[in-house]
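Q:
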Amino acid sequence: MSVTDELVDYDDAIARYDAVLGIEVHVELGTATKMFDDAPASFGEVPNTSVTPVSLGLPGALPVVNGTAVEYAIRIGLALNCQIAETCRFARKNYFYPDVPKNFQTSQYDEPIAFDGHLDIELDDGEVFRVEIERAHMEEDAGKNTHVGGATGRIHGAEYSLVDYNRAGIPLVEIVTRPITGVGTRGPEIARVYVQTLRDIFRSLGVSEARMERGNVRADVNLSLRTSPDVPLGTRTETKNVNSFRSIERSVRYEVSRQAAVLDGGGSVLQETRHFHEDTGSTSSGRVKSDADDYRYFPEPDLVPLAPPREWIEEIRASLPEAPVARRRRLREEWGYADAEMRDVVNAGAVEIIETTIAAGASPAAARKWWMGELARTAKTEGVALEELPVTPEQIGQLQALVESGRINDKLARQVLEGVLAGEGSPEDVVTARGLEVVSDDGPLLAVIDETLAAQPDIADKIRSGNLGPIGAVIGAVMKATRGQADAGRVRELIMERLG
Amino acid sequence: MSTINSDEVARLAALARIDLAPDEITRLAGELDVIVQAVATVSEVAGDDVPATSHPIPLTNVLRDDVVGRTLPVDEVLAQAPAAEEGMFLVPQILGEEQ
Chain R
-6 MSVTDELVDY
4 DDAIARYDAV
14 LGIEVHVELG
24 TATKMFDDAP
34 ASFGEVPNTS
44 VTPVSLGLPG
54 ALPVVNGTAV
64 EYAIRIGLAL
74 NCQIAETCRF
84 ARKNYFYPDV
94 PKNFQTSQYD
104 EPIAFDGHLD
114 IELDDGEVFR
124 VEIERAHMEE
134 DAGKNTHVGG
144 ATGRIHGAEY
154 SLVDYNRAGI
164 PLVEIVTRPI
174 TGVGTRGPEI
184 ARVYVQTLRD
194 IFRSLGVSEA
204 RMERGNVRAD
214 VNLSLRTSPD
224 VPLGTRTETK
234 NVNSFRSIER
244 SVRYEVSRQA
254 AVLDGGGSVL
264 QETRHFHEDT
274 GSTSSGRVKS
284 DADDYRYFPE
294 PDLVPLAPPR
304 EWIEEIRASL
314 PEAPVARRRR
324 LREEWGYADA
334 EMRDVVNAGA
344 VEIIETTIAA
354 GASPAAARKW
364 WMGELARTAK
374 TEGVALEELP
384 VTPEQIGQLQ
394 ALVESGRIND
404 KLARQVLEGV
414 LAGEGSPEDV
424 VTARGLEVVS
434 DDGPLLAVID
444 ETLAAQPDIA
454 DKIRSGNLGP
464 IGAVIGAVMK
474 ATRGQADAGR
484 VRELIMERLG
Chain C
47 MSTINSDEVA
57 RLAALARIDL
67 APDEITRLAG
77 ELDVIVQAVA
87 TVSEVAGDDV
97 PATSHPIPLT
107 NVLRDDVVGR
117 TLPVDEVLAQ
127 APAAEEGMFL
137 VPQILGEEQ
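Read top to bottom, the protein sequences are chains R and C. Just so we're aligned, residue -6 is where the first sequence starts under our numbering, counting upward by one. Just so we're aligned, residue 47 is where the second sequence starts under our numbering, counting upward by one.
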């Protein structure tokens, strides 16, 4: 790993060079079966159990295209404002690697299903930036290699790899941008927000779970520098498989700093693939582009061309959900959140969860208060995502309804939530089981008040003589005695009544 | 005019992992050249109104429903593997990288 690269400070580099990005995103489609055969396209199965002769590339096995995968690819294309091809073909990309059992990947080459689109992304400060999309094409995923080192292997001293073909043939759509120019100092942010926006789109379209940590969405980030926007593009590097939003941002910063140092030193950037290292935030040299990149593409003879009927495309277009950026804007207005509040909600990935909580009856303000406050803190402490907490938006709706009906107060509500998170059931169950309801019956309250006043006759006298200063102390003592289950306002009224 | 020379055949053979002896390369260069010339002749005849053909059958949109079918039992999958371990194909150490 090369952590000894010469680096130029990012701000200094970007002041003198114009960075140009190009991003390739692969998304695994959430279909039931693979792209070209009916093996299940599922995650986490026992190795080599989700395979058919087609997945394994056995001689004579013939592929058949998954219609749902084509529909999903069209959905993605339309959501990215692309043209959908009148007719297109699959092609063989020939290369040798153990995770590609056929010795070629079935992909699309000169005739992608979708092309010439654009995506407007909303940057952190609300500015809209347009990314031009060159193409989106269909292909299949490869199997998974596990490298076994000499020390851990069954055969001592041997180094070998184990291959699982369950992932081989899972449908992918690859989305390729045109060179992204005019990024100024914001290249890292633009790259991150672009991929985040795509992730949101995949989810809203229902075409993929789009979980970065599972590798459902993988980004390759191309970057080049040039001395000014008026000169031709510089030589680019391609940082492969950058698999978290933070890594995307860091890898762009690193490549800007590294390439600037190379150019400053009078050198030239080598056209190569690079690997990103999470631990150091650096990239290291991978494979230099070479003759081996001659993939000898040719039309896949085993698959006939696709000519998606125009009526089908229009039908799909009509069923597309609202674009995430537009939807966010609409929800922000409906919910009355400030820009910064909405941005926090979006960055926390809490839009859907808050929407569901509001649908369950909570006010927008209450929904935000719970999810961005108490629950966000708990999620952070536990190191899990909000949606992974053992509480549903419906339960938060019920909890808030209990507060609004006056049956519990804010303080009790936090205890109820604690119970729900501990698996004690619904908010109603926790209130009953823990006896957390606000004491609304005056009888028991008056008894506690009388006891408290009797214990502190001086204070009672002061209040009686019109000095209301110490009343807070009495309310506090009553609240303490009732373990927070009294309504403080009612306690105050009762004290005043008692003391005339 | 020759369009396929020995160097080109040697390069393609290397890319396709086909081990060819020098005399085979020379022979194939000649044979492939004849084929390429023949195709070039056909191309001269075809006008702009003739679209390039990748498939001889006039069929499009052969699609399958997204329904899970039968998969192979794992022991059958691995039966033909030269080596296997932990239910996976065992292959020599991979020196290159993923594409």
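Heads up, the beta-carbon is just placed ideally off N, CA and C, and yes, glycines get one too.
For residue 73/C versus residue 57/R, is the C-beta distance shorter than 8 Å?
A: Looking up residue 73/C in the second sequence gives position 27. Looking up residue 57/R in the first sequence gives position 64. No, they are not a contact pair.
Q: Which residues in chain R have a C-beta closer than 9 Å to the C-beta of residue 155/C? List them in chain order.
A: Absent from the structure is residue 155/C, since the part of chain C shown begins at 47 and ends at 145.
Q: Check whether the region 440 to 459 of chain R and the region 362 to 371 of chain R are in contact - that is, three or more C-beta pairs closer than 8 Å.
A: Segments in contact, no.
Q: Should residue 169/R and residue 135/R be called a contact, given that it needs their Cβ atoms to be closer than 8 Å?
A: Position 176 of the first sequence holds residue 169/R. Position 142 of the first sequence holds residue 135/R. No; because the gap between Cβ atoms is not below 8 Å, this pair is not in contact.
Q: When you compare only the Cα positions, how much space is there between residue 31/R and residue 42/R?
A: Counted from its first residue, the first sequence places residue 31/R at position 38. Counted from its first residue, the first sequence places residue 42/R at position 49. When rounded, the distance between both Cα atoms is 13 Å.
Q: DSSP three-state call for residue 197/R: helix, strand or coil?
A: Taking the first residue of the first sequence as 1, we reach residue 197/R at position 204. In the structure shown, residue 197/R sits in a helix (DSSP, three-state: H, G or I).
Q: Please compile the residues from chain C whose C-beta is within a distance smaller than 7 Å of the C-beta of residue 157/R.
A: Walking along the first sequence from the start, residue 157/R turns up at place 164. The answer, in chain order, is 134.
Q: Please report the residue range of the beta strand (DSSP E) in which residue 100/R lies.
A: Here residue 100/R refers to the residue found at position 107 when the first sequence is read from its first residue. Segment 97 to 100, the beta strand (DSSP E) holding residue 100/R.
Q: Return the residue from the list 424/R, 193/R, 247/R, 326/R that minimises the CA-CA distance to residue 314/R.
A: By 1-based counting over the first sequence, the position of residue 314/R is 321. Per the Cα distances, 193/R.
Q: Give, in chain order, every residue of the region 50 to 65 of chain C whose Cβ lies closer than 9 Å to some Cβ of chain R.
A: Against chain R - using a Cβ distance shorter than 9 Å - the residues of the region 50 to 65 of chain C are 57, 58, 60, 61, 62, 63.
Q: Can you give the beta carbon distance from residue 183/R to residue 73/R, rounded, assuming they're within the 8 Å contact cut?
A: The count along the first sequence starts at 1 and reaches residue 183/R at position 190. The count along the first sequence starts at 1 and reaches residue 73/R at position 80. Residue 183/R to residue 73/R, Cβ: 16 Å. No contact.
Q: Residue 112/C touches chain R at which residues, Cβ-Cβ below 7 Å?
A: For this step, residue 112/C is matched to residue 66 along the second sequence. Ordered by position in chain R, the residues that pass the 7 Å Cβ test against residue 112/C are 24, 25, 26, 59, 60, 61.
Q: Taking only the alpha-carbon atoms, compute the straight-line gap between residue 228/R and residue 174/R and give it to the nearest angstrom.
A: For the purposes of this step, residue 228/R is taken as residue 235 along the first sequence, with counting starting at 1. For the purposes of this step, residue 174/R is taken as residue 181 along the first sequence, with counting starting at 1. Going from the Cα of residue 228/R to the Cα of residue 174/R covers about 14 Å.
Q: Okay, do the region 0 to 12 of chain R and the region 240 to 250 of chain R touch, 3+ Cβ pairs below 8 Å being the bar?
A: The region 0 to 12 of chain R vs the region 240 to 250 of chain R: in contact.
Q: Nearest to residue 459/R by CA position, among 471/R, 196/R, 70/R, 489/R, is which residue?
A: One-based indexing of the first sequence puts residue 459/R at position 466. Among 471/R, 196/R, 70/R, 489/R, the Cα nearest to that of residue 459/R belongs to 489/R.
Q: Looking at the structure shown, is residue 275/R part of a helix, part of a strand, or coil, going by DSSP?
A: As a first step, residue 275/R must be located in the first sequence, where it is residue number 282. It is a strand residue.
Q: Return the CA-CA distance between residue 280/R and residue 262/R, expressed in angstroms with no decimal places.
A: Looking up residue 280/R in the first sequence gives position 287. Looking up residue 262/R in the first sequence gives position 269. Residue 280/R and residue 262/R: Cα-Cα distance of roughly 14 Å.
Q: May I ask which residues mark the beginning and end of the beta strand (DSSP E) holding residue 398/R?
A: By 1-based counting over the first sequence, the position of residue 398/R is 405. From DSSP, residue 398/R is part of no beta strand (DSSP E); its letter is neither H nor E.
Q: Got a sec, what are the start and stop residues for the alpha helix (DSSP H) residue 123/C sits in?
A: For the purposes of this step, residue 123/C is taken as the residue at position 77 of the second sequence. Residues 120 to 125.
Q: If you compare alpha carbons, which of 492/R, 62/R, 312/R is closest to residue 106/R?
A: Taking the first residue of the first sequence as position 1, residue 106/R is located at position 113. The shortest C-alpha separation from residue 106/R is found at 62/R.
Q: May I have the straight-line CA-CA distance separating residue 117/R from residue 336/R, to the nearest angstrom?
A: Translated into positions along the first sequence, residue 117/R becomes position 124. Translated into positions along the first sequence, residue 336/R becomes position 343. Computed Cα separation, rounded: 7 Å.
Q: Leaving aside the five residues before and after residue 298/R along the sequence, list all residues of the same chain whose C-beta is less than 6 Å from its C-beta, in chain order.
A: Here residue 298/R refers to the residue found at position 305 of the first sequence. These residues qualify, in order along the chain: 80, 82.
Q: Does residue 368/R get closer than 8 Å to chain C when you measure Cβ to Cβ?
A: Stepping through the first sequence from its first residue, residue 368/R is reached at position 375. Taking Cβ atoms only, chain C never reaches closer than 8 Å to residue 368/R, which makes this a no.
Q: Put residue 234/R into one of helix, strand or coil per three-state DSSP.
A: In the first sequence, the residue the question calls residue 234/R occupies position 241. Residue 234/R falls in the strand class under three-state DSSP.
Q: What does residue 80/R touch in chain C if you count any residue whose Cβ is under 9 Å from its own?
A: The sequence position of residue 80/R within the first sequence is 87, counting from 1. Residues of chain C passing the Cβ test: 106.
Q: For residue 453/R, which residues from the same chain have a beta carbon less than 7 Å from its beta carbon, with the 5 sequence-adjacent residues on both sides left out?
A: What you label residue 453/R is simply residue 460 of the first sequence in a count that begins at 1. The answer, listed in chain order, is 446, 492.
Q: Under 8 Å: do the region 192 to 210 of chain R and the region 47 to 57 of chain R share three or more Cβ pairs, one atom per stretch?
A: No, they do not touch.
Q: Does the Cβ-Cβ distance between residue 417/R and residue 391/R come in under 8 Å?
A: Taking the first sequence and counting its residues from 1, one reaches residue 417/R at position 424. Taking the first sequence and counting its residues from 1, one reaches residue 391/R at position 398. For residue 417/R and residue 391/R, no; Cβs fall outside 8 Å.
Q: Whole angstroms are fine: how far does the CA of residue 287/R sit from the CA of residue 49/C?
A: Position 3 of the second sequence holds residue 49/C. Position 294 of the first sequence holds residue 287/R. Spanning the two alpha carbons is a distance of roughly 18 Å.
Q: Just the Cα atoms here: how many angstroms apart are residue 302/R and residue 75/R?
A: For the purposes of this step, residue 302/R is identified with residue 309 of the first sequence, where counting begins at 1. For the purposes of this step, residue 75/R is identified with residue 82 of the first sequence, where counting begins at 1. Straight-line Cα distance between these residues: approximately 16 Å.
Q: Using 8 Å as the threshold, is the C-beta distance between residue 423/R and residue 475/R below it?
A: Translated into positions along the first sequence, residue 423/R becomes position 430. Translated into positions along the first sequence, residue 475/R becomes position 482. For residue 423/R and residue 475/R, no; Cβs fall outside 8 Å.
Q: Could you tell me whether the region 58 to 67 of chain C touches the region 470 to 487 of chain R, using the rule of 3 or more Cβ pairs below 8 Å?
A: The region 58 to 67 of chain C, when compared against the region 470 to 487 of chain R, does not touch it at the 8 Å Cβ threshold.
Q: Between residue 4/R and the rest of its own chain, which residues show a CB-CB distance below 6 Å, the 5 nearest in sequence each way excluded?
A: As a working note, residue 4/R is residue 11 in the first sequence. Cβ neighbours of residue 4/R beyond the five flanking positions: none.
Q: Should residue 91/C go down as buried or exposed, given a rule of 16 or more other Cβ atoms within 10 Å for buried?
A: By 1-based counting over the second sequence, the position of residue 91/C is 45. Residue 91/C comes out exposed.
Q: Closest Cβ-Cβ distance between residue 83/C and chain R: below 8 Å?
A: Taking the second sequence and counting its residues from 1, one reaches residue 83/C at position 37. Closer than 8 Å: no.
Q: Counting only Cβ pairs nearer than 8 Å, list the residues of chain R close to residue 103/C.
A: Mapped onto the second sequence, residue 103/C falls at position 57. Those within 8 Å of residue 103/C in chain R are 297.
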